[in-house]
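K.L.:
Take this structure, written in structure tokens, and hold onto it; I'll ask about it next.
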Amino acid sequence: MCQRGSKKLCWVPPLPTHITHLYLELNRISEINSTSLSALEDLQELDLGGQHVRLVIRNNAFSGQRPLRKLILDITD
Numbered sequence: 460m461c462q463r464g465s466k467k468l469c470w471v472p473p474l475p476t477h478i479t480h481l482y483l484e485l486n487r488i489s490e491i492n493s494t495s496l497s498a499l500e501d502l503q504e505l506d507l508g509g510q511h512v513r514l515v516i517r518n519n520a521f522s523g524q525r526p527l528r529k530l531i532l533d534i535t536d
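Add 459 to a position in the sequence shown, counting from 1, and you land on the number used in the working numbering.
Below, the structure is given as structure tokens:
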């Protein structure tokens, strides 16, 4: 598990590859693309809720990964 909520992040930072749960809520991440999460092959749950900017998730953002069990996008501006 990795909690990086409310850190004013503008992008997904480099993270250990074994993470299964990633909480990035309440940041300023504006885009998730094919390289944003590509190293996180075991990711099961992702929280991107409450971004303080408009969040765009590209079509290929999760290509090459196992399907997520849970994706949280609530209250995104």
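Each residue gets a CB set at the ideal place from its N, CA and C atoms; glycine is no exception. Remember, it's a predicted structure, so these values are computed and weren't measured experimentally.
Within 10 Å of its beta-carbon, does Gln510 have 16 or more other beta-carbons around it, so buried, or fewer, so exposed?
P.N.:
Under this definition Gln510 is a buried residue.
K.L.:
Compare the Cα-Cα distances from Arg463 to each of Asn486, Glu504, Thr476, Ala498 and report the closest residue.
P.N.:
Asn486
K.L.:
Keeping to the same chain, check which residues put their C-beta closer than 6 Å to that of Val471; ignore five residues upstream and five downstream.
P.N.:
Non-local C-beta neighbours of Val471 in its own chain, meaning closer than 6 Å and more than five positions away in sequence, comprise Ser495, ordered along the chain.
K.L.:
Out of Arg513, Ser489, His480, which one is the CA nearest neighbour of Leu502?
P.N.:
His480
K.L.:
Considering only residues of the same chain and omitting the five flanking positions on each side of Ser522, which have a CB-CB separation below 8 Å?
P.N.:
Ser493
K.L.:
Report the residue from Leu474, Ile534, Lys467 whose alpha carbon sits nearest the alpha carbon of Ser497.
P.N.:
Leu474
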